[in-house]
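Have a look at the structure below, then the notes.
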Amino acid sequence: MNLKITAKVSFLFLLLAGILLWQATGLKAETKGIESGQRYGRLIVRNVIIIDGKGTPPRGPCDVIVEGNKILAIRETAKSEDAYGKEEHVIDGQGGYLLPGLINLHAHLHDSRGRWPLPFEYSYKLWLACGITTVRDVGSDSEKTIAERGKSQEGAIVAPRIYLYSVASGTTAEEIRRSVQMAKKQGADGVKLFTMDRDILRAAMDEAHKLGLRAAHHVGVEETDARDDAEFGMTSIEHWYGIPDAALHGSQNFPPSYNYFNEADRFRYAGRLWREADPEKLHGVLDKLVEKGVAWCPTLVIYEANRDLTRAMNQPWFKDFLHPSLEEYFKPDPANHGSYFWDWTTTDEVFWRENYRIWMAAVKEFADKGGIVGVGEDAGYIYMLYGFSLIRELELQQEAGFHPIDVVQNATGNNAKILGLEDRLGRVRAGFLADLIILSENPLENFKYLYPTGSLALKEGKIIQRGGVQWTIKDGIVYHAPSLIEDLKKMVAKAREAAKAKK
Ligand SMILES: [Zn+2]
48 MNLKITAKVS
58 FLFLLLAGIL
68 LWQATGLKAE
78 TKGIESGQRY
88 GRLIVRNVII
98 IDGKGTPPRG
108 PCDVIVEGNK
118 ILAIRETAKS
128 EDAYGKEEHV
138 IDGQGGYLLP
148 GLINLHAHLH
158 DSRGRWPLPF
168 EYSYKLWLAC
178 GITTVRDVGS
188 DSEKTIAERG
198 KSQEGAIVAP
208 RIYLYSVASG
218 TTAEEIRRSV
228 QMAKKQGADG
238 VKLFTMDRDI
248 LRAAMDEAHK
258 LGLRAAHHVG
268 VEETDARDDA
278 EFGMTSIEHW
288 YGIPDAALHG
298 SQNFPPSYNY
308 FNEADRFRYA
318 GRLWREADPE
328 KLHGVLDKLV
338 EKGVAWCPTL
348 VIYEANRDLT
358 RAMNQPWFKD
368 FLHPSLEEYF
378 KPDPANHGSY
388 FWDWTTTDEV
398 FWRENYRIWM
408 AAVKEFADKG
418 GIVGVGEDAG
428 YIYMLYGFSL
438 IRELELQQEA
448 GFHPIDVVQN
458 ATGNNAKILG
468 LEDRLGRVRA
478 GFLADLIILS
488 ENPLENFKYL
498 YPTGSLALKE
508 GKIIQRGGVQ
518 WTIKDGIVYH
528 APSLIEDLKK
538 MVAKAREAAK
548 AKK
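Letter 9 of the sequence shown, counting from 1, is numbered 56 in my numbering, and no numbers are missing.
Okay, here's the thing in structure tokens:
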């Protein structure tokens, strides 16, 4: 082989290698002018399949034009390669998927667990890394949440949008009215109500309506039940207890030793509540809720330890992401809310599995009748990690019988509606707020693709990790999700070091 030919072959080889390299990275190279944590005057997200928040099938490929914090336009993907040559800020979706940012309807802002401190930054970054761009805080330190909400609005912190439903309480009608007024004065977006007697709940709701506040009810096993929520115009039922409770004939069949304040009792016998509900009566309760427009945020995920404790205690993401403060808090201890797992039995789990079956069927029936189902996680308790738990909730709603498209709608469009923000949030639509997530895999095929840990796949004989959100856009601010994940890993490793040094 003479030199000339060798040179020619080498050139051809280099050219071929170049083309291969260009094919492998060329599309990625088109993402330009993007820095995590920045908002741009104009941002193009090109070549994505859109899964909207209104229950419609995916469509695309599309380009989404964002101006500041709003979606300006959505169009079919520009065919020509240099269509956006003059644009400064472009994300190339490479044929991946774009969804509205997920909304977590049942969150608590925690800066400590028990006596152990936990930085807000931890849950914020977990939420964003899981594609959650909005959280509704349904009870924590209101003053702190209001301050955090302001910082998030200004873009001063790396955090989702925050809405606050401040806890209102009182032992008389006058007291609860004052408490609701206080929430309004403080600037809360709504009120959260816990266990209370009927006359007090009526007064609370009357006051909330007068002041234009929405209300979320943790309807426990108490004097009031779901029928009262229907009658008094509750915005949403949190969890579920008051729904089957309204379909009993008299009281649940508690043993004489039962004590509601004993969490081990409370959660054990909650696992036997749905089976005692009269199915006929239950249909009527669901009809009433639908008729009166009461939404339902079932938080299926927060009870999952009850049906499978081993699973809950050994979730794979604990390895890299479980903060030591949370780890301590989760340990069985009567002093910590939701840490009641001593003497938890096979029988308890069997009852809870049946409980889930009836409960899930009721959630689906409620939706089929026209009820609005929302998605919330209630993490920070019972082995549930922020963010990851919301993705698990999506999986559980699919298990309840919802099509994945409808599950996405529950977590976006429906949640926005429950918040009263359906005119600006929860959809991929021109004029709406730019809260968007982008990932390379199709979450309708597998919700596990939304976990930062993704899902395992077999590629050319090798096991690889597939999925994870790539970009989370909140209020037009672009976050690189894998970078948030790296921050979290470092944060957790450092906190573990510090915890070890203390011991
Ligand atoms: Zn809660």
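Ideal Cβ placement from N, Cα and C applies to all residues, glycine included.
Distances from the CB of Asp425 to the heavy atoms of ligand 1 include at least one below 6 Å.
DSSP, reduced to helix, strand and coil, places Gly434 outside both helices and strands of the structure shown, so it counts as coil. Remark: C-beta atoms of Ile118 and Phe479 approach each other more closely than 7 Å. Under the DSSP assignment, Ser213 falls in the beta strand (DSSP E) whose first and last residues are Arg208 to Val214.
Rounded to whole angstroms, Lys328 and Asp158 show a C-alpha spacing of 42 Å.
In this structure Ile438 touches Phe494 by the C-beta definition: roughly 6 Å separates them, less than 8 Å. For Thr346, the closest C-alpha among the options His286, Ile112, Asp236 and Leu248 is that of His286.
Taken in chain order, the unbroken stretches of beta strand (DSSP E) that lie wholly in the stretch 304-356 and span 3 residues or more are 342-344.
The three-state reading of DSSP puts Glu135 in coil, since its state is none of H, G, I, E or B. In the DSSP annotation of this structure, the continuous segment of the beta strand (DSSP E) that includes Tyr526 starts and ends at Ile524 to His527. Proximity to Met229 across Pro207, Val205, Leu260 and Asp246 peaks at Leu260, based on C-alpha coordinates. Secondary structure note for Thr218: it is in no alpha helix (DSSP H), with a DSSP letter that is neither H nor E.
The three-state reading of DSSP puts Gly237 in strand, counting E and B together. The stretch 441-452 makes no contact with the stretch 114-128, as fewer than three CB pairs between them are under 8 Å. An exposed status is given to Phe308, since fewer than 16 other beta-carbon atoms sit within 10 Å of its beta-carbon. For the pair of segments examined, the stretch 364-373 was found not to touch the stretch 411-420: the number of CB pairs separated by less than 8 Å stays below three. Ranked by Cα distance from Ser487, the first of Tyr403, Tyr498 and Ala481 is Tyr498. In this structure, Gly237 sits away from Ala215, with a CB-CB distance that is not shorter than 7 Å. Contact between the stretch 170-181 and the stretch 514-533 is established, with three or more Cβ pairs separated by less than 8 Å. The DSSP assignment places complete alpha helix (DSSP H) segments of no fewer than 4 residues inside the stretch 248-280 at 273-279, in order along the chain. 7 Å or more divides the Cβ of Ala293 from the Cβ of Ala317. Taken in chain order, the complete alpha helix (DSSP H) segments of 4 or more residues contained in the stretch 393-454 are 393-415 and 435-446. Counting along the chain, Arg476 sits inside no beta strand (DSSP E), nor does DSSP assign it H or E at all.
Three or more beta-carbon pairs separated by less than 8 Å are not found between the stretch 382-400 and the stretch 330-344, which leaves the two stretches without contact. By the neighbour-count definition (other C-beta atoms within 10 Å, threshold 16), His296 is an exposed residue.
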